[in-house]
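> Numbering (this note's numbering), first residue to last: 106 to 454. One structure coming up, written as structure tokens, with questions to follow.
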Ligand code: SAH
């Protein structure tokens, strides 16, 4: 197997740095350093390049001496996650349940689209401490933040199946509660073939993390906001986190991102029948969203027990109100519902 980076020409110094960083989060650094002691300094980079290119084991890393490959195989675990279960949907979606070394469940999803796009949905936490009423992950027990390795190893798993080009942090957990690890992992994704512009972090609007994301992150990583309601009263009802970080503050921070970066923020809006899907709410939405800064993604509700999803006609009516106000709006294509891999359905026992 020839990894994708072969033939790209000599690596630039900056690439080396980035690759070294990537490599750092992939495996147990100390063990790796011990195992590579006495080897030339470029070995670590070679290991990372193979890994990011989709190698399935050290055995494939044919530019390493055989004895070194064997030593790595024996001493340094290749991934921080173990695959516990894999489910395949009729639409080609693949959901994987992993377990961390200490036994916590982590779910991730590979979505395959007809145009050839391959998008991976990553988890940032095992479970989630926020209790959004419509989301299955919010109903399970929160375990802990994932490490950067555990986040990246989810993407690497799918990279071993096939090339990937998009990543969304829309799996289990709230990325802004674990921002450092999320960013460490996201910064390695270009080596896997996923540029920052094709990487999206989705948040409920957890302000401390969101502020840092806007102020400190230079990379053109995209931002999505799970809004789901146009008023504080309704939003607090379905997303308790809204009591802590109210709508105006969250929207102001998102607007700041859009203005600073010149990139629109995606607004996610899950359509719950009779709850947030009326014309009145659509009109309120047009009052709080600047069409120059936001675009809306209407999400058909994936059943988790709590609500009924809006009928198609209600979604169309809602969208037509946004259309009339020139707020860019799309309806999300639902993937993987038959294997409970769709948005909000990730909840492992
Ligand atoms: N905590 C972050 C990351 C998870 S993203 C966030 O909430 O943004 C998962 C997306 O799926 C969010 O927009 C979430 O609101 C949405 N979602 C949750 N439950 C859903 C459901 N049952 N049907 C459709 N979308 C859902």
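Positions of the beta carbon are idealized from the N, C-alpha and C atoms, including for glycine. Everything numeric in this text was worked out from a predicted model, so none of it was measured.
Please confirm whether residue 329 and residue 382 have their CB atoms less than 8 Å apart.
Not a contact, by the Cβ cut-off of 8 Å.
> Expressed to the nearest angstrom, what Euclidean distance is found between the alpha-carbon atoms of residue 433 and residue 158?
Those two C-alpha atoms are separated by around 36 Å.
> So who's on the other strand from residue 304, going by DSSP bridges?
BP columns for residue 304 point to 272.
> Can you give the Cα-Cα distance for residue 257 and residue 293, rounded to whole angstroms?
Approximately 8 Å, taken between the alpha carbons.
> Use the C-beta contact count for residue 128: other C-beta atoms within 10 angstroms, 16 or more gives buried, fewer gives exposed.
Any reading at residue 128 needs caution, since the residue's pLDDT is 49, under 50, leaving its predicted position unreliable; the model's value is listed next. Residue 128 comes out buried.
> Please go through the same chain and pick out, in chain order, the residues whose beta-carbon is closer than 7 Å to the beta-carbon of residue 337, but skip the five residues on each side of it.
347, 351 and 352.
> Taking 7 Å as the cut-off, is the C-beta of residue 304 nearer than that to any heavy atom in the ligand SAH?
For the ligand SAH, not one heavy atom lies less than 7 Å from the Cβ of residue 304.
> In chain order, what are the residue ranges of uninterrupted alpha helix (DSSP H) at least 4 long that sit wholly in the region 325-382?
The qualifying runs are 337-343 and 352-366.
> Confirm the yes/no value for this check: CB of residue 450, any heavy atom of the ligand ZN, distance under 7 Å.
For the structure depicted, the ligand ZN is absent and the ligand set comprises only the ligand SAH.
> Can you name the residues that DSSP bridges to residue 404?
Residue 404 pairs with 375.
> Can you give me the Cβ contacts of residue 325 inside the same chain, cut-off strictly under 6 Å, excluding the 5 residues immediately before and after it?
For residue 325, where only same-chain residues beyond five positions count, the Cβ hits under 6 Å are 301 and 302.
> Relative to the C-alpha of residue 489, which residue among 403, 446, 373 and 408 is closest?
Nothing about residue 489 can be reported from this structure: the residues present for the chain run from 106 to 454 only.
> For the alpha helix (DSSP H) holding residue 262, just list the boundary residues, first then last.
Per DSSP, residue 262 belongs to the alpha helix (DSSP H) from 253-266.
> Candidates 295, 373 and 156: which alpha carbon is nearest residue 390's?
Among 295, 373 and 156, the Cα nearest to that of residue 390 belongs to 373.
> Would you call the region 133-148 and the region 175-185 touching, i.e. three or more CB-CB distances under 8 Å?
They touch, by the three-pair rule.
> Would residue 121 be called buried (16 or more neighbouring beta carbons within 10 Å of its own) or exposed?
Residue confidence for residue 121 is low, a pLDDT of 41 falling below 50, so the modelled location carries little weight; the figure read from the coordinates is stated next. Exposed, since its Cβ has fewer than 16 Cβ neighbours within 10 Å.
> Alpha carbon to alpha carbon, what distance is there between residue 199 and residue 167?
Their Cα atoms are separated by approximately 30 Å.
> With a threshold of 7 Å on Cβ separation, who are the neighbours of residue 287 within its own chain once the five nearest residues in sequence on each side are excluded?
Closer than 7 Å at Cβ, skipping near neighbours: 229, 256, 274, 280 and 306.
> Near residue 322, what residues of its chain come up, given a Cβ to Cβ distance below 8 Å and the 5 sequence neighbours on each side ignored?
Correct list, in chain order: 288.
> If you draw a straight line from the alpha carbon of residue 126 to that of residue 135, how long is it in whole angstroms?
Residue placement at residue 126 is poorly supported in this model, since its pLDDT is 48, which falls under 50; the coordinates are not used for a value here.
> Taking residue 183 as the reference, which of 165, 413 and 365 has the closest Cα?
The residue with the shortest Cα to Cα distance from residue 183 is 165.
> How would you call residue 271, buried or exposed, if buried means at least 16 neighbouring beta carbons within 10 angstroms?
Under this definition residue 271 is a buried residue.
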